[in-house]
Amino acid sequence: MSEFGFLIKGVTSITWQMALMWFIGGLLIWLAIKKDFEPALLLPMGFGAIIVNLPFTGVIGDTGIIQWLFEKGIAASEAFPLLLFIGIGAMIDFGPLLSNPRMLLFGGAAQFGIFFTITMAVLLGFPLKDAMSIGVIGAADGPTSILVSQQLNSAYKGAIAVAAYSYMALVPLIQPMAIKLVTTKRERMIHMPYRPDSVSKTTKILFPIIVTMIAGLIAPDSIALVGFLMFGNLIRECGKLENLSQTAQGPLANLITIMLGITIAFQMRADVFVTGGTLLVMALGLVAFIFDTIGGVLFAKLLNIFLPKDKKINPMVGGAGISAFPMSARVIQKMALKEDNQNHVLMHAVGANVAGQIGSVVAGGIILSLAQQFLA
Amino acid sequence: MLNWNLLVAFTSILGDVHSADVEKSLELMGKGMLGIFIVMLLIFLVIVILNKTTHDKNDDK
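From first to last, the protein sequence lines stand for chains A and B.
Okay, so the first sequence: first residue is 229 according to our numbering, each after it adds one.
Okay, so the second sequence: first residue is 510 according to our numbering, each after it adds one.
This is how it looks when you write it as structure tokens:
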């Protein structure tokens, strides 16, 4: 009978931690399929979480494909998240922001959750490098969270990636709750006329080049993030590379998304994922999203103190300054219509939301720059 | 001889929290938010200048 032991070797090697990870993997797949929560990422991550946690799995180890993908695609150069940024850049129309540039301020203010969460994480006892990585969940930007946690070599890379993508999908639930906490009904009913300036093609072409140079000169560590995002946008806006733009938005982004999702599962091995710290990371991710929204809203309220009555900003628009695009802008518009069915703030919210995409990558770069100073 | 206990502010869920780390995180918040706003303000100025200098050409039409 012992010669058939190899058939049950796997079954007898199952641990409760592995079983828990299968459950978590199944939960991610369920959320992706049944709840439509970021299915393009959560489904590959969920499936990956199952296969990396099978006993004696062949996908990790020196010859394992997922470990190889992780080492080459993420650990060596962060190639996957950065290449995804080319696709994202090609998808973004900065027009609503360029015609209404004051919305940029909200893209900065709504990064407050990142830094608030870093302090909270330190108070909970996380080492500073892990706290900084956890805070970047508040960038509401999966690739940025993955890249920063990888570069800072956080012990919670898997949990951070799961939290970043899960909460992005939960923006329609998190943001209304956070906004209602800090606004009155009257504030939510503020109307904002939309009179956009026309934007020239020259501006649209020069914008990604100049932003890359500014970000690179002030926060050199942001250059990979901002540069690849803006490179994708330049391909889109130049007007001569329609095929490349379509490829970046479609096949490139899709291929990288498939690879990224299943590769991140390498960080979801039971031995590194099943810890008390993971639960705290998930909780802190929620704090980051809530305080991002609150930061943006309170900044709008602060500006309103100085603005004339007819130019007041609906504070909800400030909450759209996060990177979850276009979901956050849609949530704000839905809330505005709920308070007053004639209140159309969508284009302002889209401007703030696009600014949030720039703000989040700049924030990621600034965290990496500051890490050199604070973790030295 | 340093008294290392003085550096421990309190014990939290995951272990000792050092007052130096708390101070660093607050400094990080100040510098980080300032850095983001500086970059965003510069980008804002760039957009305003680009819109002013290229507006008349209206070459998007």
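All residues carry an ideal CB built from backbone N, CA and C; glycine is no exception.
Quantities reported herein were computed from a predicted structural model and do not represent experimental measurements.
ask   = For Ser528(B) and chain A, any beta-carbon pair shorter than 8 Å?
value = Chain A contact via Cβ: absent.
query = Just reading off the alpha helix (DSSP H) that His576(A) is part of, what are its end residues?
reply = Residue range 574-602 is occupied by the alpha helix (DSSP H) that includes His576(A).
task = For Ile278(A), collect the residues of the same chain with a Cβ closer than 8 Å to its Cβ; drop the 5 residues on either side in sequence, then sort them by chain order.
result = The beta carbon of Ile278(A) sits closer than 8 Å to the beta carbons of Met249, Trp250, Gly253, Gly254 from its chain, once the five residues preceding and following it are set aside; these are given in chain order.
Beta-carbon gap between Ser521(B) and Leu351(A) smaller than 8 Å = Between Ser521(B) and Leu351(A), the C-beta gap is smaller than 8 Å, which places the two residues in contact.
task = With a 10 Å radius around its C-beta and 16 neighbouring C-beta atoms as the bar for buried, classify Leu554(B) as buried or exposed.
result = By the neighbour-count rule (16 or more Cβ atoms within 10 Å), Leu554(B) is not buried but exposed.
query = Do the CB positions of Met396(A) and Ala368(A) come within less than 8 Å of each other?
reply = Contact flag set, yes.
query = When Cβ atoms are compared, which residues of the segment 410-426 of chain A fall closer than 9 Å to chain B?
reply = Under the 9 Å Cβ criterion, the segment 410-426 of chain A contributes Asp425, Ser426.
key: Ala511(A) vs Gln339(A) beta-carbon contact at 8 Å   = Going by beta carbons, Ala511(A) and Gln339(A) fall outside the 8 Å limit.
Three CB pairs or more closer than 8 Å across the segment 325-339 of chain A and the segment 522-536 of chain A = Contact between the segment 325-339 of chain A and the segment 522-536 of chain A is present, because at least three Cβ pairs lie under 8 Å.
key: Where Ala498(A) sits in the DSSP three-state scheme   = Per DSSP, reduced to three states, the secondary structure at Ala498(A) is helical.
query = How would you call Arg464(A), buried or exposed, if buried means at least 16 neighbouring beta carbons within 10 angstroms?
reply = Classification for Arg464(A): buried.
query = Using the beta-carbon of each residue, which ones in chain B are nearer than 7 Å to Phe232(A)?
reply = At a C-beta separation below 7 Å, Phe232(A) has no neighbours in chain B, since its nearest C-beta there lies roughly 46 Å away.
query = Between the Cα of Ala387(A) and the Cα atoms of Gly587(A), Ala498(A), Ala260(A), Ala557(A), which residue gives the shortest distance?
reply = Of the candidates Gly587(A), Ala498(A), Ala260(A), Ala557(A), the residue whose Cα lies closest to the Cα of Ala387(A) is Ala498(A).
request  = Between the Cα of Gly546(A) and those of Ser588(A), Phe553(A), Ile522(A), spot the shortest distance and give me the residue it belongs to.
outcome  = For Gly546(A), the nearest C-alpha among the options comes from Ile522(A).
ask   = Cβ of Phe308(A) within 8 Å of Cβ of Met487(A)?
value = Yes, the pair counts as a contact, with Cβ atoms nearer than the cut-off.
Between the CA atoms of Asp425(A) and Met575(A) - distance to the nearest angstrom = Taking the straight line joining both Cα atoms gives about 13 Å.
request  = Establish whether the CB of Ala528(A) and some CB of chain B are separated by less than 8 Å.
outcome  = Under the Cβ distance rule, Ala528(A) does not count among the residues neighbouring chain B, no pair being separated by less than 8 Å.
inquiry  = Between Ser428(A) and chain B, is the shortest Cβ-Cβ distance under 8 Å, so that the two count as touching?
reply    = Using a CB distance cut-off of 8 Å, Ser428(A) counts as an interface residue toward chain B.
task = State the Cα-Cα distance for the pair Lys533(B) and Lys540(A), rounded to the nearest angstrom.
result = In a straight line, the C-alpha of Lys533(B) is about 36 Å away from that of Lys540(A).
request  = Compare the Cα-Cα distances from Ile545(B) to each of Leu596(A), Lys300(A), Gln495(A) and report the closest residue.
outcome  = Looking at the Cα atoms, Leu596(A) is the closest of the given residues.
task = Reducing DSSP to helix, strand and coil, say where Ala518(B) ends up.
result = Three-state DSSP puts Ala518(B) in a strand.
task = Could you spell out the range, first to last residue, of the alpha helix (DSSP H) harbouring Val390(A)?
result = Taken as a continuous stretch (DSSP letters only), the alpha helix (DSSP H) holding Val390(A) covers 385-397.
ask   = Taking the Cβ atom as the reference point for each residue, do Ala391(A) and Ile365(A) lie within a distance shorter than 8 Å?
value = Yes, they are a contact pair.
query = Considering Asp525(B), what are the terminal residues of the beta strand (DSSP E) in which it resides?
reply = Per DSSP, Asp525(B) belongs to the beta strand (DSSP E) from 524-527.
Limits of the unbroken alpha helix (DSSP H) element including Thr240(A) = 237-240 is the extent of the alpha helix (DSSP H) around Thr240(A).
inquiry  = Could you compute how far the alpha carbon of Gly541(B) sits from the alpha carbon of Phe343(A)?
reply    = About 7 Å.
request  = Establish whether the CB of Ala368(A) and some CB of chain B are separated by less than 8 Å.
outcome  = Ala368(A) does not count as touching chain B.
ask   = Which chain B residues sit within Cβ distance under 8 Å of Ile442(A)?
value = Those within 8 Å of Ile442(A) in chain B are Val548, Leu551, Ile552, Val555.
message = Quick check: is the beta carbon of Phe343(A) nearer than 8 Å to any beta carbon in chain B?
response = It does: the Cβ of Phe343(A) has a partner Cβ on chain B nearer than 8 Å.
ask   = Closer than 8 Å, Cβ to any Cβ of chain B: which residues of the segment 572-592 of chain A, in chain order?
value = Listed in sequence order: Ala583, Ile586, Gly587, Val590, Ala591.
task = Report the residue from Val399(A), Pro421(A), Pro329(A), Phe456(A) whose alpha carbon sits nearest the alpha carbon of Leu617(A).
result = Outside the displayed span of chain A (229 to 604) sits residue 617(A), for which this structure offers no information.
query = Count the other CB atoms within 10 Å of the CB of Arg414(A); is the residue buried (16 or more) or exposed (fewer)?
reply = By the beta-carbon neighbour count (other beta carbons within 10 angstroms, threshold 16), Arg414(A) is exposed.
request  = Pull up the CB-CB distance for Pro196(A) and Leu462(A), whole angstroms please, since I reckon it's below 8 Å.
outcome  = The requested residue 196(A) is not part of the displayed model; chain A covers only 229 to 604.
key: Cβ-based contacts, 7 Å cut-off: residues of the segment 430-463 of chain A near chain B   = Those would be Thr430, Thr431, Leu434, Phe435, Ile438, Val439, Ile442, Ala443, Ile446, Ala447, in chain order.
task = Please classify Pro421(A): does DSSP put it in a helix, a strand, or coil?
result = In the structure shown, Pro421(A) falls within a coil segment according to DSSP collapsed to helix, strand and coil.
query = Where does Gln245(A) sit, in a helix, a strand or coil, going by DSSP?
reply = Under the three-state reduction of DSSP, Gln245(A) is assigned to helix.
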